[in-house]
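Participant: In my numbering, the protein residues as written are 3 to 447. For each residue, glycine too, the CB sits at the ideal point set by N, CA and C. Since the structure is predicted, the reported quantities are computational estimates derived from the model, not experimental observations. Dumping the structure here so I can ask a few things about it.
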Amino acid sequence: MPIVDMSNMPAQLAQQIEERTGDLNWQTQREQIWDKHHAKWFYFLKRSELKALKRCFLTGEIDSKLVAHRHFDVLIDLFPIVEPASIGYLIETLYPILEQNEPETSHDLPIESYLVKLVQWLIESEFSSCPERAISYLHQAEKLSIFDWILGENYSPAHQIEHRLNPEHPGWQLDISIDDLLLRLLLRLMPELDNNCDLNTSVLWQRPNYLASLIAALPDSCLTANWEKDEDKQDKKTYLWIALAMGISSATASLSPRLQALKDKQSQLVTAVTKIAEQRPLLKQLLSDLQAPSAFFKPILEYAEDCKIQIGLDEANLKIWQQHFNKLEPREGESRANWGFVDLRVAPDDPDNPDLVFSLLAKIAPHLSEQWLAIRALNIYVAISLLQKPYYKNYALLIKGNTRKSNTCNTKQAEQALVALFEQLPITSLESWIHHESTFIENRS
């Protein structure tokens, strides 16, 4: 197996790798991570390729035959050290080998595109239930160092990335499409809310000034409340509106520490955007309008204020809930059903709309059945899902009020009533909040 020659590796980086790969505890943890995640993720590879990738993961030695278009980014990700210095060194070392191995396809992997992709992995790694990228295991400070190295302190359409280990190297000119980057970042602001993520691990919310500079650079057409016919253009607007008018609240009690921290981070983003908006009248007006989100969304959109409740269960009760709700037929393409839909606006005896919550309560807490039936009068829709790993012990309830123009949305009353009910069940945790859900924002005109 021909190993890539790294004898020219700078001494500091070489010492880091030697210390890390020589640490028995690190090796043990690395073996466990490989067996748990990567061995399964790379199941489609030949045995020889899988063995070579594992060797890179554990020792940093790279088989030169693996330096191909489809493995280039993987090799850098699996390397024992992943930081600006090592990434720059590996790009400089491996790319010439790639050009030699695959001269016809090497041009299909521009380094600049890979670096932007790396930022996307950094962000997405925080929400992955099965972290296939080794970058997922980096500490927050390590992730932030890569984020800052690639994107800089503030958004610039042409950002120069330095080669940390070679001052004579010209580095890489990163031409960043603001539309593409904005959508990638905004899409990842809100999953923290739904997936119960820990803000302490979040890269995005630690860089509100960068996000603000990105928003401030948007063209005027992105800063109006007009509905766009082009779906992609409207997606960017929708996620921008949600990010700036998150409006997390609760009709039952104060927010949990996690949600309060998220609300505080969102306030920091709005503050950063407000400072910049003095030079952008349309942005300033948009911020002003979004301070009253109900008034902003309601005239032009389907009202999108939803309630979310998350409840935690111990192992015994989790099994009961799983068995109950997985009686549903799986959706097309799914191996099992993770969702239970209960439309409380339909008659409770409708065979096409079984009230799964009522039947669950009848089994585990019959005395609460009548309380549940009273909730039906609130004219709401409830969707129940078992959250994916690593949050699998939590069930999430999406509560959506009837949003027809002739009726009143009852999500606030529903939140109060459901919290009062679930507090009486054998649960380990309960968290509820109301916010504007981008999924249900549609043009009403």
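1. Rounding to the nearest angstrom, what Cα-Cα distance links residue 1 and residue 298 in this structure?
2. Just to confirm the assignment: which complete alpha helix (DSSP H) runs, minimum length 4, are found wholly within the stretch 46-80?
3. Straight-line CA distance for residue 179 to residue 105?
4. Buried or exposed for residue 413, going by 16 or more other Cβ atoms inside 10 Å?
5. Does the stretch 16-30 come into contact with the stretch 60-72, if we say contact requires no fewer than three beta-carbon pairs (one atom in each stretch) closer than 8 Å?
6. Determine the extent of the alpha helix (DSSP H) in which residue 157 is found, giving its start and end residues.
7. So for residue 235, helix, strand or coil by DSSP?
8. Among 369, 426 and 213, which residue has its Cα nearest to the Cα of residue 277?
9. Between the C-alpha atoms of residue 369 and residue 421, what's the straight-line distance to the nearest angstrom?
10. What do you get for residue 5, buried or exposed, if any count of 16 or more other CB atoms within 10 angstroms of its CB means buried?
11. Locate the alpha helix (DSSP H) running through residue 212, then write down its first and last residues.
12. Taking the DSSP output, what are the residues bridged to residue 224?
13. Between the C-alpha atoms of residue 170 and residue 95, what's the straight-line distance to the nearest angstrom?
14. Specify the secondary structure class of residue 396 as computed by DSSP and reduced to three states.
15. Which residue marks the beginning of the beta strand (DSSP E) containing residue 177, and which one marks its end?
16. Which residues share a DSSP beta bridge with residue 317?
17. Assuming residue 124 contacts residue 205 (C-beta within less than 8 Å), just tell me the rounded distance between them.
18. For residue 46, count neighbouring C-beta atoms within 10 Å of its own C-beta (all shown protein chains included) and say buried if the count is 16 or more, exposed if not.
19. With a CB to CB cut of under 7 Å and the five nearest residues on each side skipped, what residues in its chain are close to residue 56?
20. The alpha helix (DSSP H) with residue 384 in it runs from where to where?
21. So does the stretch 279-293 actually touch the stretch 223-236, counting three or more Cβ pairs closer than 8 Å?
22. Check residue 407 in the structure and name its three-state DSSP category.
23. So residue 384 and residue 401 are supposed to be a Cβ contact under 8 Å. How far apart are they, rounded?
24. Considering only residues of the same chain and omitting the five flanking positions on each side of residue 83, which have a CB-CB separation below 8 Å?
25. What is the DSSP secondary structure of residue 431, reduced to helix, strand or coil?
26. Classify residue 311 as helix, strand or coil using the three-state DSSP reduction.
Facilitator: Inspection of the coordinates gives the following:
1. Coverage of the chain is limited to positions 3 through 447, which leaves residue 1 absent and any answer about it impossible.
2. 49-61 and 74-80
3. As a first step, residue 179 must be located in the sequence shown, where it is residue number 177. As a first step, residue 105 must be located in the sequence shown, where it is residue number 103. Near 28 Å, if we compare the C-alpha coordinates of residue 105 and residue 179.
4. Residue numbering aside, residue 413 sits at position 411 when the sequence shown is read from its first letter. By the neighbour-count rule (16 or more Cβ atoms within 10 Å), residue 413 is buried.
5. yes
6. Numbered from 1 along the sequence shown, position 155 holds the residue referred to as residue 157. It is not in any alpha helix (DSSP H) - residue 157 carries neither H nor E in the DSSP assignment.
7. Taking the first residue of the sequence shown as 1, we reach residue 235 at position 233. DSSP places residue 235 in helix when its eight states are reduced to three.
8. What you label residue 277 is simply residue 275 of the sequence shown in a count that begins at 1. It is 213.
9. Counted from its first residue, the sequence shown places residue 369 at position 367. Counted from its first residue, the sequence shown places residue 421 at position 419. The alpha-carbon atoms of residue 369 and residue 421 are separated by roughly 16 Å.
10. Residue mapping note: residue 5 aligns to position 3 of the sequence shown, counting from 1. Exposed: under 16 other Cβ atoms inside 10 Å.
11. Indexing the sequence shown from 1 puts residue 212 at position 210. Element bounds for residue 212: 210-218.
12. What you label residue 224 is simply residue 222 of the sequence shown in a count that begins at 1. For residue 224, which the question treats as bridged, DSSP gives no partner whatsoever.
13. Locating residue 170 in the sequence shown gives position 168, where the first residue counts as 1. Locating residue 95 in the sequence shown gives position 93, where the first residue counts as 1. Roughly 15 Å separates the two Cα atoms.
14. One-based indexing of the sequence shown puts residue 396 at position 394. Three-state DSSP puts residue 396 in a strand.
15. As a working mapping, residue 177 is identified with position 175 in the sequence shown. That run of the beta strand (DSSP E) goes 174-177.
16. Walking along the sequence shown from the start, residue 317 turns up at place 315. Residue 317 is not bridged to any residue.
17. As a working mapping, residue 124 is identified with position 122 in the sequence shown. As a working mapping, residue 205 is identified with position 203 in the sequence shown. Right, the Cβ-Cβ distance comes to about 6 Å (below 8 Å), so this counts as a contact.
18. Taking the sequence shown and counting its residues from 1, one reaches residue 46 at position 44. Residue 46 should be labelled exposed.
19. Translated into positions along the sequence shown, residue 56 becomes position 54. 36.
20. Counting from 1 along the sequence shown, the entry for residue 384 is found at position 382. Segment 382-388 is the beta strand (DSSP E) holding residue 384; no alpha helix (DSSP H) there.
21. yes
22. By one-based count along the sequence shown, residue 407 stands at place 405. A caution first: residue 407 carries a pLDDT of 44, below 50, which makes its placement in the model unreliable, though a value can still be read off. The answer is coil: DSSP assigns residue 407 none of H, G, I, E or B.
23. The sequence position of residue 384 within the sequence shown is 382, counting from 1. The sequence position of residue 401 within the sequence shown is 399, counting from 1. Confirmed, about 6 Å.
24. Start at 1 with the first residue of the sequence shown, and residue 83 comes out as number 81. 15, 18, 19, 22 and 62, listed in sequence order.
25. Here residue 431 refers to the residue found at position 429 of the sequence shown. Residue state, collapsed to three classes: strand.
26. In the sequence shown, counting from the first residue as 1, residue 311 sits at position 309. Three-state result, residue 311: strand.
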